[in-house]
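Down below is the structure, laid out as structure tokens.
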Amino acid sequence: GLFDLCMEMNALGKPIYITENGLPDADDDQRPRWLVGHLRAVHNAIQQGADVRGYYHWTFTDNFEWAEGWGLRFGLVDVDPHTQQRTLRPSGALYQQIVAANALPEETPA
Numbered sequence: 004g005l006f007d008l009c010m011e012m013n014a015l016g017k018p019i020y021i022t023e024n025g026l027p028d029a030d031d032d033q034r035p036r037w038l039v040g041h042l043r044a045v046h047n048a049i050q051q052g053a054d055v056r057g058y059y060h061w062t063f064t065d066n067f068e069w070a071e072g073w074g075l076r077f078g079l080v081d082v083d084p085h086t087q088q089r090t091l092r093p094s095g096a097l098y099q100q101i102v103a104a105n106a107l108p109e110e111t112p113a
């Protein structure tokens with residue numbers, strides 16, 4: 004998983020930038036748990052000495068994927084492709100709390 008990858012790069016003496024790490028989940032019923040799990044793996048790798056210099060969630064808002072159109076919903080913010088109205092998803096609110104506190108929640112979301 005992500006922890007193991009971070010530790011492998013660390014063993015090679017390489018700094019790590021995690022980019023485009025996301026989950027397509029239009030209903031946002033899996034992303035909160037998935038997000039905390041991945042951030043916890045990164046945190047644990049840092050605690051074990053991995054030189055993680057950045058984490059970039061994919062994506063902030065839903066986007067048009069070249070191969071899938073609007074079918075895959077990766078965004079922390081839902082975008083209605085017809086009106087362009089944006090709505091913060093629960094995973095977006097969770098990520099906002101994590102960033103503001105610079106800390107992970109004690110319990111993983113259900």
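Residue numbering for the sequence shown follows the working numbering, beginning at 4 and increasing consecutively.
Note that CB positions come from ideal geometry on N, CA and C, so glycine has one too.
- For ASN24, DSSP records a beta bridge to HIS60.
- Rounded to whole angstroms, the Cβ separation of ASP30 and SER94 is 11 angstroms, and the two are not in contact under 8 angstroms.
- Within the model, the alpha-carbon separation for ASN13 versus THR86 is close to 45 angstroms.
- Under the DSSP assignment, LEU91 falls outside any alpha helix (DSSP H), being part of the beta strand (DSSP E) whose first and last residues are 89 to 91.
- Comparing alpha-carbon positions, the option among LEU79, GLU71 and MET10 lying closest to ALA53 turns out to be MET10.
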